[in-house]
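Asker: Below is a structure I'd like to ask you about.
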Amino acid sequence: MPRTGAELVLLFERGSELPADRSSLLRLDGVEGAAAALPPGPDATLCRCAGITHGAVEASVRSGCATVREVSSGTRAGTGSGTCHSEIRPIIEHHFAVATA
Ligand code: FES
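So that you can map any letter, position 96 of the sequence shown is 345 in my numbering, and since no number is skipped, the others follow by simple counting.
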């Protein structure tokens, strides 16, 4: 349950309270959670551990970051659990595939 775990880490690190409907955390990794996450807008959170948005990661890639490590250095995305690496990688691959096409 990577999304649930990452959300719990983010809530803990921010000192936030759990949602009133705590079962909503368990649904983050289910079909509903996946459907709700698509398509992510620029303000949607990509890295729950660091609270970094898709837009920030995309901007980092547009500015030349070509690896997850470079994106992490510039944005802090991916510096926690690492769960979001699988979301950062396709953004990099898509950007450079389009850029070289
Ligand atoms: S979601 Fe944990 S490092 Fe990004």
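We treat Cβ as the ideally placed atom computed from N, Cα and C, and that holds for glycine.
What are the residues that DSSP puts in a beta bridge with T302?
Answerer: DSSP output for T302 lists T294 as bridge partner(s).
Asker: Would you say the beta carbon of G331 comes nearer than 7 Å to a heavy atom of ligand 1?
Answerer: Yes, Cβ of G331 sits closer than 7 Å to a heavy atom of ligand 1.
Asker: Nearer than 7 Å: is that true of the beta carbon of T328 relative to any heavy atom of ligand 1?
Answerer: The answer is yes for T328.
Asker: Are the beta-carbon atoms belonging to R297 and L259 less than 8 Å from one another?
Answerer: Yes. Within cutoff.
Asker: Taking R271 as part of the alpha helix (DSSP H), name the residues at either end of that continuous run.
Answerer: Looking at the DSSP string, R271 is not in any alpha helix (DSSP H), and its letter there is neither H nor E.
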